[in-house]
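In our numbering, the protein residues as written are -17 to 931. Below: the structure, in structure tokens.
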Amino acid sequence: MRNRWLALVASWLCLLPMVAQQNYRPEGRAFVCENGNNRYTRALYGGPTDYRIETSDRPVFAIAKKGHHRHVAFKVNGIDLENVAYCKAWYVDGMRSYRLRDKRLGKTDVLVDVVALHNREGAVWRLMSGDNSLDVTCTLSGVKQPKLHRNGDLGVDSRDCFDAAQNDADRQVVKCPNSSPVYVVVMLDKVVNMSPDQQAQLFAEAVAYNQKMASRVTFDTPDPYINTLGGALVMAADGDWDGQTWLHGCVGWRMPLAGWRAGYLGDVLGWNDRARSHFDAYARSQVNKVSATQSHPAQDEKQHLARAEKRWGTPMYSNGYICRNPNRNDQMHHYDMNLNYIDELLWHFQYNADIAYIRKMWPVVERHLEWEKRNFDPDGDHLYDAYCCIWASDALYYNGGAVTHSSAYNYRANLLAARMAELIGRDPKPYQQEAAAILDAMNSRLWLEDKGHWAEYEDLMGLKRKHESAAVWSIYTPIDCGACSPEQAYRATRYVDHAIPHIPVRGDYATIATTNWQPYDWSINNVAAAEVMHTALAYYQAGRTDAAYRLMMGNIIDQMYEGQSPANFGQISKYDAARGECYRDFGDCIGISSRTLLQGLFGIQPQALFGKCIIRPGFPSSWDHASVNTPYLSYTYRRMGRKVMIEVDQHFSKPLKIVLRVNMGGGLYRDVEGTTEQHQVLTVEEPVRLPDVELHEAVTIPDATPIDEPTFDRKFVKQRLTPYYNANVTDIFRQEYRTPRPPYTTLQIPVQGVGEWCHPDYCPEIVDTAFRASIVNDEFVMMGVPFATPAEGQNIVFTSLWDNYPDSVTIPLKGRAAKAWLLMAGSTNHMQSHITNAEIVVHYADGTTDTLPLVNPDNWCPIDQDYYIDGKAFRAPMPRPYRVSLATGTVSRNLGKALHLGGPAQRNIPGGAAQMLCMPLKSHKPLASITLRTCSNDVVVGLMGLTLQ
């Protein structure tokens, strides 16, 4: 006992610097603040409707329901409670409470509690001050902003949106009888009269209901920042439930959604009935009477070919497709929600392998697998395209390519479908064979053995290259789906250490960006809580418990303690440079957080389809005890030296064999088998493991050595390119790029060669008037470097893998030179980041060559944008290339600053920009020619001027 107390004290002492910089701190199971100033940021959810009570760090409240928004304020003894001298607020078990102190209120503290009702749209407030009677006035007013953008959510609607409206004729002012305690009951948007006994009973029942609800999952650990999370997780999940299905979000995205990760909640939190309700509702949304009568590709001309045409009978909108809303199989939507829904359904069977329910849902799984194969592996190579099938789907497109994350999901689906088939007497072989073929293809084509991770995707078109700069979803998905060996899982998480931007949070804790791609687009490079938590889960699954804990805690501190909403399972972090902190209690984050905590940290991994439950504790090496309680399994963990003892109580519908999985290091593990007994104790000697050192401290930005400052020690020799020009630079987005395109339905770049499927109409205008006006005698001078270019007529030679232009151009050269100065312009996008978009190859007379790769974002920039660089989520080599604004003539290495561009999402350059590059040459060798060759799909790369020096 004494050792546990000392450990607790030590944990608090080491966290004192963290507490000083947070909005909230843990006390027991509560999230606490003192004299905070966040307004309307902790919602209290009642029943399964959209009704909620918004609470603040001080006792000022709002009723939030469309058409019934009301501001709620209290005065005690004439004192506005929002303005008292001292206010301690805490949130626990779905209730917000306050301790108020002010000399105007007397010597005794005033206590305020508020709780939403679970069985009707209403709430109860309780105010008390010992035995002292209180003179309480409650005022309900209209709100300042009755028309909300996202239902009053954080970071989207204004901070004061629920403040009281001025001159509200419908204001309700209620003066309560002097007493203590004083209760105020609101039904919908009005204070109602009840007897004191009825009020007290209603309050007590609501509190008891919430306490019982919150206690279904509890954590007891040496870390006080974890012990708050069990009840908070349950209450957020309950707020995400609409009585039939899990929702997109509790507040700003409160609508049904078949996909993303909220669907894990039912099973992970022990709501078998809710899980089946959700799965049944969307099973009824699966199309089952529309055959695919039309062939690939079925792209939408109205959407500039960027996405599939919404027409019944196409490969996509046909049997197997799961529609947007529950219980309706006649609504087309533009997302593939199938993959996540089926993965969650398969997890349901891992918690409860009910043969009758497996039989019932078998046709749903069967139709889904046929639909996935028909749409996303039509060439039969066992690697699947991805069609907006995960949270990071907006702006994400793969042009028919072979994609890691979608292939991994299909691997797991086929693997477990084979097991389901065995259990219900169906033929498992087709599914076993497909799973094996997917895994073989992933290992042979997508796994980068020399790099130790998976590629993001492999091109279907063009040079069929692998895009090696993987996003986090291309690391955590194959690990989570088991599409790898333990060694692969371990190595792949090391890639995240060194390649994915880490943003410090507190001490050793950090959060991460989703990718290192440029330029920014929504869902492409964000600091998204669910993505961080899923990555942390993959670290746990790879056996990297200390690193997993630091990453998980970075997100927890960021979201729940540093953020503006206590206990928030939000969508986007305050460290996100584009959006900032926004969206509270987002279903996707609640869902994956439940798995990261219970399957990752506590390591409870049921495999009911195989009759066992693995327990793989993911505790930090410093912990010597922990316990967890869920409706289906509870255990206590104790470590004494190297001896580990786990005492387990299981309550699965059918007892499972308990298997204790012990991490050995390097991703390896060994299993210690228990029994199917309800109560059992497993003891094991913990092996000595090598320390797991993270690598993100070693991240380096490549040198920008080819981008030199001009010098004038050698003569400039302008090269005349007029015979090779094939376009005006302004033509780049004024035409249609129709061929070649994939022969299959897919997400792809719009026909104008810029934009993405969410913004298919995006078409920036390139204007070179100022650039042309600065040309004198067919010469443009940039930072002292002269280029031959005409003031009128064509002024660029474009190359591209599109049929509109040649894929390469070769220009003869003479003489010798130490440098080649290149004036260039063209396109690139986030799907071509960290890969050679094009290359400049200089041929010498002796047959040798030098090559300058043009890589986004290192030295190749999009004509329509300037990269946002902050050294955190957005990084690129410095110094940047000189660029010239075509519309203004401004020249700078930082056009964003020179043109006063905004943050990551506001980087469009009016009129566009060209750039200047310097390529070092071997000055002792005679020159023969220079070749510009485009390597990437999607892009157009052009040469406007060439000068040798």
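The C-beta atom is built at its ideal place from N, Cα and C for all residues, glycine as well. None of the values given here were measured: they were computed from a predicted structure.
- Straight across, the Cα-Cα distance linking residue 552 with residue 584 is about 22 Å.
- Contact holds between the stretch 323 to 330 and the stretch 239 to 252, because three or more Cβ pairs, one in each stretch, are under 8 Å apart.
- Rounded to whole angstroms, the separation of the alpha carbons of residue 199 and residue 101 is 22 Å.
- Annotation: the stretch 47 to 79 contains the following complete segments of the beta strand (DSSP E) (minimum length 3 residues), in chain order: 52 to 58, 68 to 74.
- Of the candidates 25, 420, 354, the residue whose Cα lies closest to the Cα of residue 567 is 25.
- Around the beta carbon of residue 151, fewer than 16 other beta carbons sit within 10 angstroms, so the residue counts as exposed.
- Comparing alpha-carbon positions, the option among 235, 796, 815 lying closest to residue 828 turns out to be 796.
- One thing to note: residue 764 has its Cβ within 8 Å of the Cβ of residue 864.
- Non-local C-beta neighbours of residue 315 in its own chain, meaning closer than 6 Å and more than five positions away in sequence, comprise 306, ordered along the chain.
- Per DSSP, the continuous alpha helix (DSSP H) segment holding residue 751 begins and ends at 751 to 755.
- Taken atom to atom, the span from the alpha-carbon of residue 348 to that of residue 482 is near 37 Å.
- Residue state for residue 892 is assigned as coil, using DSSP reduced to three classes.
- DSSP places residue 694 in the coil class of the three-state scheme, outside both helix and strand.
- The beta carbon of residue 589 sits closer than 6 Å to those of 332, all from its chain and outside the five residues before and after it, given in chain order.
- Of the candidates 105, 263, 645, 506, 105 places its Cα closest to the Cα of residue 187.
- Counting only the Cα atoms, residue 44 lies some 52 Å from residue 278.
- For residue 475, the enclosing alpha helix (DSSP H) stretches over residues 468 to 481.
- Of the residues assessed, residue 108 falls on the buried side of the cut-off, its CB having 16 or more other CB atoms within 10 angstroms.
- Per the C-alpha coordinates, the member of 870, 726, 902 positioned closest to residue 289 is 726.
- Sorting 592, 465, 52 by C-alpha distance to the C-alpha of residue 520 places 465 at the top.
- Between residue 137 and the set 858, 605, 554, the nearest pair of CA atoms involves 554.
- Contact check for residue 165 against residue 729 fails: the beta carbons are separated by 8 Å or more.
- For residue 557 and residue 539, the gap between their C-alpha atoms comes out near 12 Å.
- In this structure, the alpha-carbon of residue 793 lies about 57 Å from that of residue 527.
- Here the C-alpha atom of residue 563 lies approximately 13 Å from the C-alpha atom of residue 234.
- The residue among 643, 663, 651 with its C-alpha nearest the C-alpha of residue 632 is 663.
- Comparing C-alpha distances from residue 94 to each of 86, 112, 103 shows the shortest one belongs to 112.
- By the criterion of a C-beta distance shorter than 6 Å, residue 156 is surrounded in its chain by 120, 173, once the five residues flanking it on both sides are discounted.
- In this structure, residue 855 and residue 509 form a Cβ contact; the two beta carbons are roughly 6 Å apart against a cut-off of 8 Å.
- In this model, residue 220 and residue 76 are separated by some 10 Å (Cα to Cα).
- By the beta-carbon neighbour count (other beta carbons within 10 angstroms, threshold 16), residue 930 is buried.
- Within the same chain, 594, 595, 596, 597, 653, 654, 655, 656 come within 8 Å of residue 641 by CB-CB distance, once the 5 residues on both sides are set aside.
- Judged by DSSP secondary structure, residue 270 falls outside any beta strand (DSSP E); it is assigned neither H nor E.
- Look at residue 371 here: in three-state DSSP terms it is coil, with no helix or strand label.
- Its chain contains 439, 440, 441, 442 as the residues whose beta carbon lies nearer than 6 Å to that of residue 383, once the 5 sequence neighbours on both sides are disregarded; these appear in chain order.
- Only residues of its own chain outside the window of five on either side were considered, and among them 321, 325, 459, 463 have a CB closer than 7 Å to the CB of residue 391, listed in chain order.
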